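Peer 1: Before I ask anything, let me first share the structure, which is written out below as structure tokens.
Residue numbers (the numbering used here): 7 to 211.
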């Protein structure tokens, strides 16, 4: 696919594609001008500018996340996407598992503001613990055109950790409640015994 065709396809992801395709087409027409017949060095400069502009456009939207920690059986990955363009871009982020440790449940659509970043949250289900590298991929909303380069993302899957923490927390709360209840009952019994014995009430410290 030519650079012109790649830029045209990429422009499907932005709010105003004509701002991208129009500027790129003007640069292309400049490379075809007859004025460069006697100025080969000038032609090379213009061609280099055209190529550099196209490369900058095609590389303006990128996946910046490289690592994630998964602590739940069912969760969503947090994948950051950056946008260097002067206008918002809407992309679909898909995860290619490449391993039986996780199951990818769906892709995620995200709109990234101009000169900003946003997080896509594709849902996954962890099957077993371990470390695995998945591939994150951006496309246009309909999935027909890839946007930017695919990126490897390393996942540290510790799915049982959440359950362990929850269990320990519940156990700690139960122990504290039980201890407090025990002290309360013991205090009431002692107060009752002192009352029956005709002794004055204890004064708490």
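Idealized CB from N, CA, C, for every residue including glycine.
In this text, all values refer to a predicted model and were calculated from it rather than measured experimentally.
If I'm right that residue 50 touches residue 165 with Cβ under 8 Å, what's the distance once you round it to whole angstroms?
Peer 2: No, residue 50 and residue 165 are not in contact; Cβ-Cβ is about 56 Å, not under 8 Å.
Peer 1: Note down the Cα distance separating residue 147 from residue 74, rounded to an integer number of angstroms.
Peer 2: Each residue's alpha carbon lies about 24 Å from the other.
Peer 1: Would you report the Cα separation of residue 99 and residue 33, rounded to the nearest angstrom?
Peer 2: So the alpha carbons of these two residues sit roughly 31 Å apart.
Peer 1: Is residue 156 near the ligand COA, going by C-beta to nearest heavy atom under 7 Å?
Peer 2: For the ligand COA, the structure offers nothing, since it holds no ligand at all.
Peer 1: Helix, strand or coil for residue 112? Go by DSSP, reduced to three states.
Peer 2: Three-state result, residue 112: coil.
Peer 1: Determine the contact status of residue 104 and residue 141, defining contact as a CB-CB distance below 8 Å.
Peer 2: Yes, these two residues count as a Cβ contact at 8 Å.
Peer 1: If you follow the alpha helix (DSSP H) that residue 157 is part of, which residue opens it and which one closes it?
Peer 2: Not the alpha helix (DSSP H): residue 157 falls in the beta strand (DSSP E), residues 152-163.
Peer 1: Based on Cα-Cα distance, which residue from 158, 192, 194 and 152 lies nearest to residue 66?
Peer 2: When each option's Cα is compared against that of residue 66, the closest is 152.
Peer 1: Could you check how far apart the C-beta atoms of residue 85 and residue 159 are, in whole angstroms? I think they sit under 8 Å.
Peer 2: About 7 Å separates the two Cβ atoms, so the contact holds.
Peer 1: Measure how close the beta-carbons of residue 71 and residue 19 come, nearest whole angstrom, since I'm counting them as under 8 Å.
Peer 2: At roughly 19 Å, the Cβ-Cβ gap does not stay under 8 Å, so residue 71 and residue 19 are not in contact.
Peer 1: On the CB-based measure, 16 or more other CB atoms within 10 Å of its CB, does residue 40 come out buried or exposed?
Peer 2: The residue is exposed, with fewer than 16 neighbouring Cβ atoms inside 10 Å.
Peer 1: What's the call for residue 179, buried or exposed, on a 16-neighbour Cβ count within 10 Å?
Peer 2: Flag for residue 179 reads exposed.
Peer 1: What residue from 137, 115, 26 and 101 has the CA that sits closest to residue 107's CA?
Peer 2: Here the closest residue by C-alpha is 137.
Peer 1: If contacts are defined as beta-carbon pairs under 8 Å, then residue 131 and residue 94 qualify, I think. What distance do you get, rounded to the angstrom?
Peer 2: 31 Å between Cβ atoms; not a contact.
Peer 1: Report the three-state DSSP secondary structure of residue 33 (helix, strand or coil).
Peer 2: Three-state result, residue 33: helix.
Peer 1: Residue 120 and residue 91 - do their beta-carbons sit closer together than 8 Å?
Peer 2: Going by C-beta atoms, residue 91 is nearer than 8 Å to residue 120.
Peer 1: Could you give the first and the last residue of the continuous beta strand (DSSP E) run that contains residue 129?
Peer 2: Start and end: 129-132.
Peer 1: Note down the Cα distance separating residue 59 from residue 78, rounded to an integer number of angstroms.
Peer 2: Those two C-alpha atoms are separated by around 43 Å.
Peer 1: Could you tell me the boundaries of the alpha helix (DSSP H) in which residue 73 lies?
Peer 2: No alpha helix (DSSP H) holds residue 73; the beta strand (DSSP E) holding it covers 73-76.
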